[in-house]
Amino acid sequence: MNTLIKGNGIRKDYQMGEVVVTALRGVDFEIYEGEFVVVLGPSGSGKSTLLNIIGGMDTPTGGELYYKDELISEYDEGALTRYRRNSVGFVFQFYNLMPNLTAGENISLSVEIAKDPLEIDYVLEKIGLRDRKNHFPAQLSGGEQQRVAIGRAIAKNPELLLCDEPTGALDVSTGVEVLKFLKLFNEELGKTVVIITHNSDIGKMADRVFYIRDGSIERIAVNEKPMKPEEVSW
Amino acid sequence: MILRKKLIRDIMGHKLVYISCAIVMMMGLSVYTSMFMVMVDLKGALDDFYESSSFGDGFAQVTGIPVNAVDSLANIEGIERIQGKLVKDVRVYDSESKQAKYIRMVSIDSDNPNMLNKPVAMEGEQISSSRDGVWTDIKYYNANNIKSGDIIEVIAEGKKTRLKVLGGAVSPDYVYAIRSIEQIYPDPLLFGVAYIDYSNMEGLFREKGIYNELAFTVKEGYTYDDVESILKQRLKHYGLKGIYERKDQVSHSILNNEIVQLENTAKTFPFIFISVASFVLYMMLRRIVEQQKGQIGILKAFGYNQKEIFMHYMGYSLVVGVLSGIFGGILGFWLENYFVEMYREFFTFPNLRATYPIEYFFQANLIALIFSLFAGYSGTKRILVLTPAQALRTEVEIKTHTIFLERLKIVWRNLNSLSKMAVRNLFRNRARSLFTMLGMIFVFSIVATMSSFMTTVEIMMDEQFTDIQKYDAKMSFYYPLDAGKLYSEIINNENVVEAEPLLEAPVRLKNAWLEKDALCIGIKEGSRLYHILDNKGSRVDIKGNGMILSERLANSLRLKEGDKVEIESPWATRDTVSTTVSGVVPQYFGVSAYMELGALCDMLGHKTMASSILMNIKDGSFDSLNNDYIEGKNVSSLDRKESVIEMFNSLMESYKYMQWVFVVFGVISGFAVVYTSSTIIFSERERELSSLRVIGMTRPEVFKIIALEQWLIAMASWIIGIPVTFGLRWVIAQGMSTDLFTIPYSIDLRSFEAGLAVAIVSVIAAQISVYRKISRLDMVEVLKERE
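Which chain is which? The protein sequence lines are Z and B, in order. The working numbering applies: residue 1 is where the first sequence begins, and numbers increase by one. The working numbering applies: residue 1 is where the second sequence begins, and numbers increase by one.
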């Protein structure tokens, strides 16, 4: 398998007033193309920081990060923007939809800037919200909003989909629905999906699980037989 | 495309703020464009007219100069053309008019194609086509419904004379036609100019073959100053009364003052409004960007670059800038038309019209764009530089330091929790509180200033006509006459209760190299009909040989009480005389000096003379008095004070609407500032306010937090607004005072009350909207969302 993301000694320090807080203490990892990875760890372990750095939303204080063979840790703001624009899709715990754009328009938002986007109607079909296209986020349930957020992320047709606690604000059955869509994207379109969560049950459907604690990757577990999303429960 | 939709929906969500902001900016821009456009119209019309009518560079008044002596003056080095004319004020015999009407007869040389100050016919026959009649000035012609061929009767040299009107005309020296400076505003119904061929005019008066006014132009390469002294010398033998350059010519100087004031207003006033609007925009955008920090993070996370996001947020201010620029410009065109019409009421040009110079429309749009984009840029730049991760991170920015009021334990302890919240918020967001306060200061002081200005003008008139001019009527003569004889003649008239002689002598006052032309008014000691007041409004006795100066005169000559002042006068028998300044007093209309009548006449080297008689007359006897003297050959005018007051009052009425315009401008600006600030406070504290509602507080209780904060700011702004108003009034008093009027520097309590009332109305209007928002607050929804 080809390596999509490679991190060497990734370190991230935050200056909080006079105190320096270290969120990542030099982590090494690889994520392969088409892989479904779950990053597990308790709150404050550094998993969101890792996701932000992988997604080009933040820059590491030290270490090297590669996307394919590109050293993205050295990218300037413009190059990072292009990287996010063309290669990465994000899904957040609190959906972060534009409140004054409809479901369809929220998806259009990423379609408009992508190089090779998917059809909006195709995406709406896939996430099962075709009839909700003209609804504003406030008119949708939490699960539906998260599906729109996923739709918005996958509509760009990115190589890498990064999800920060995508089921965190949802009940179990809605959460499972959301996981199904993520798996669908991973399997049908062959795209890489990275989920960060503190819910260890979600790890059961991953190809590999990164256990992270205190800013370090403790271990990486490989699932020989990943569960189907509908088999996962918590 | 999608971001544009977001932009439109965001704007629609806060439309009131954007609309009020655009309106405030639009108001400023419309004033800017209209005033500059009117200025272009006025200047253009003026230059064209002066050029085509050969307006003189200098003017002189003499007792009489033989017609054939004028040509020899043309030999003076530097003089290009010099021409004479006969100018005489006559009374109009109009049995239907209850008020005295006057005509200034001005001789013309219709055969001379190079005539200076050449009148242009606007109605009726062309000027050169006939000599058998007169052309009245077009305003008089229209105001009195005169038609070509009508006859007007005038009393010249005590004889009733019929004059055929050939048409209506205008000349550059009477663009602003007033009989004397004291008249202030033109009244075309009662005063007009009549242009008449010299040969016809000569026949109406006893003087034959002489001129009493001269106009001249100066050759290229020379200035007025180059020719003034020699001309003065040569004219002395002809009884020189005054010589002045174009800038001091009454009509021109009033017009020029108006243009200068227009320019000053156009350069300053609109920018106050534009700045307020930009501030509001800045505040609003800053808040929007802060509020949409998460959304910006998402856009960044999805790969929107800095420029795209920046352009999106600049779009908010761009909308305001473009809309206010376009509508402000259009409104400017409309106002230009309106102002031009207004100026046509006062000034007469053959070609004054709205020309709609388009460049000011574009300038207005450019100004709107620059200001709004600058506001937008300042409001957005801080957040846009954040990385997406920083933008998405919830910023917990709670300022926890105590405020100074908390150290005043007694005060602090007595405040309830809601008041404490309001007070703390006020001090914790100092920048916004300060801005809101600035906006409120602006509203308060602009209304108070304008109101006080209007009141001051009324007070000026009131003081002038009630406390200074204590007489009912004033009779003026063509020449100074023996005061004693005049008095005995007038006092014996059955209609006259009381009479006093008055002399208005033209003088040039000098102090070292400083000099100034003015009228010196000679009043009898202990005068009952003309009072001189000091700056406290108390009467100043005039006695001895000293001269009392108006403040403006004293300041421009740098003279004070006790100083020596040198005097030149065409009426004096000696070249230069001098006296001591015995006092300095305020004077609102004109610039005058005052002396005791006898002392003034002594100084001039004459026995006691009078150029006017002031009278108190029996009630309702003016018409009878008018009939008695209308044909008096020495009488140039008989004025009733009441008619001047009536005219002024009707003029003030038409100005009242200006006050209302300012009130409306004030309320809208005030509303924009307070509403924006309240909206921001509301959106920032939506969760906090919802929580309060959840724990059981009523809507009015929750509203009180925001309201209290706003009222505290409002009260502070009113206190600070008082000295600001004084400052603005001082600027107006300095900027608008001319030799014609001196605007006193004082503010009455009522003006502050007006400012306060407008400010209160704007605060209340804005708070009503906030209360509605609180009523609609969906506490469950708000609290469900992530902070």
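No residue lacks a Cβ here, since even glycine has one placed at the ideal position from N, Cα and C. Being a predicted model, the structure only gives us computed values, none of them experimental.
Could you check the C-alpha separation between residue i and residue j for me, to the nearest Å?
i       : j       : result
M27(B)  : F273(B) : 7 Å
P480(B) : K607(B) : 11 Å
G329(B) : N257(B) : 26 Å
Q15(Z)  : L24(Z)  : 13 Å
A103(Z) : G143(Z) : 13 Å
G568(B) : K618(B) : With the sequence shown as reference, residue 568(B) is identified as Glu, and Gly is not the correct amino acid for it. Distance between the alpha carbons of E568(B) and K618(B): 39 Å.
K704(B) : R430(B) : 20 Å
A765(B) : G537(B) : 41 Å
V644(B) : R162(B) : 27 Å
Where do the ends of the alpha helix (DSSP H) carrying residue i lie?
i       : result
E77(Z)  : E77 to S87
N264(B) : V250 to Q291
V31(B)  : K15 to S52
Q146(Z) : G142 to A155
A103(Z) : A103 to V111
D71(B)  : V67 to L73
T580(B) : Taken as a continuous stretch (DSSP letters only), T580(B) belongs to no alpha helix (DSSP H), being part of the beta strand (DSSP E) at V577 to V585.
With a threshold of 8 Å between beta-carbons, can residue i be considered close to chain B, or not?
i       : result
F185(Z) : no
T22(Z)  : no
R85(Z)  : yes
D69(Z)  : no
M16(Z)  : no
D13(Z)  : no
E33(Z)  : no
L81(Z)  : Residue identity check: residue 81(Z) is Thr in the sequence provided, not Leu. Closer than 8 Å to some Cβ of chain B, the Cβ of T81(Z) qualifies, so yes.
E77(Z)  : yes
D171(Z) : no
N223(Z) : no
L65(Z)  : no
Are the C-beta atoms of residue i and some chain D residue less than 8 Å apart?
i       : result
N157(Z) : The displayed structure is made up of protein chains Z and B, and chain D is not among them.
I'd like the span of the beta strand (DSSP E) that includes residue i, first residue to last.
i       : result
E345(B) : Taken as a continuous stretch (DSSP letters only), E345(B) belongs to no beta strand (DSSP E), being part of the alpha helix (DSSP H) at Q306 to F346.
A194(B) : F191 to D197
W135(B) : V134 to D137
K147(B) : Careful: K147(B) lies outside any beta strand (DSSP E) and carries neither H nor E.
N100(Z) : N100(Z) -> no beta strand (DSSP E), and no H or E assigned at all.
I370(B) : No beta strand (DSSP E) holds I370(B); the alpha helix (DSSP H) holding it covers I358 to L384.
Y224(B) : Run containing Y224(B): none in the beta strand (DSSP E); it sits in the alpha helix (DSSP H), Y224 to L235.
K474(B) : A473 to D482
R91(B)  : V87 to V92
Counting only beta-carbon atoms, is residue i nearer than 8 Å to chain Z?
i       : result
I2(B)   : yes
I403(B) : no
K15(B)  : no
Q291(B) : no
R9(B)   : yes
I719(B) : no
K6(B)   : yes
I298(B) : yes
G294(B) : yes
I19(B)  : no
List the whole-angstrom C-beta distance separating residue i from residue j, where the pair is believed to meet the contact cut-off of C-beta under 8 Å.
i       : j       : result
V585(B) : I542(B) : The Cβ separation is near 10 Å, so there is no contact.
V673(B) : T436(B) : 6 Å
V209(Z) : G203(Z) : 4 Å
L182(Z) : P166(Z) : 7 Å
G792(B) : A448(B) : No information on residue 792(B) is available, as it lies outside the stretch 1 to 787 that chain B covers here.
A156(B) : F191(B) : Not confirmed; about 16 Å, so no contact.
A45(B)  : F371(B) : Contact doesn't hold; Cβ gap of about 31 Å is too wide.
G239(B) : G64(B)  : 7 Å
Following a CB-centred definition, is residue i positioned closer than 7 Å to any heavy atom of the ligand MN?
i       : result
S108(Z) : The ligand MN is absent from the structure shown, which contains no ligand whatsoever.
- [ ] Below 7 Å between beta carbons is the criterion; list the residues of the segment 103-136 of chain Z that meet it against any residue of chain B, in chain order.
- [x] Correct list: E105, S108, L109, S110, E112 and I113.
Open item on the list: By the 9 Å beta-carbon criterion, what residues does the segment 302-320 of chain B contribute toward chain Z?
Closed with: Within the segment 302-320 of chain B, the qualifying residues are F302, G303, Y304, N305, Q306 and E308.
Open item on the list: Output needed in chain order: residues of the segment 357-389 of chain B with a Cβ under 8 Å from some Cβ in chain Z.
Closed with: Residues passing the 8 Å Cβ filter: T387, P388 and A389.
- [ ] Can you give me, in chain order, the residues of the segment 259-289 of chain B that have a beta carbon less than 7 Å from any beta carbon in chain Z?
- [x] Residues: none.
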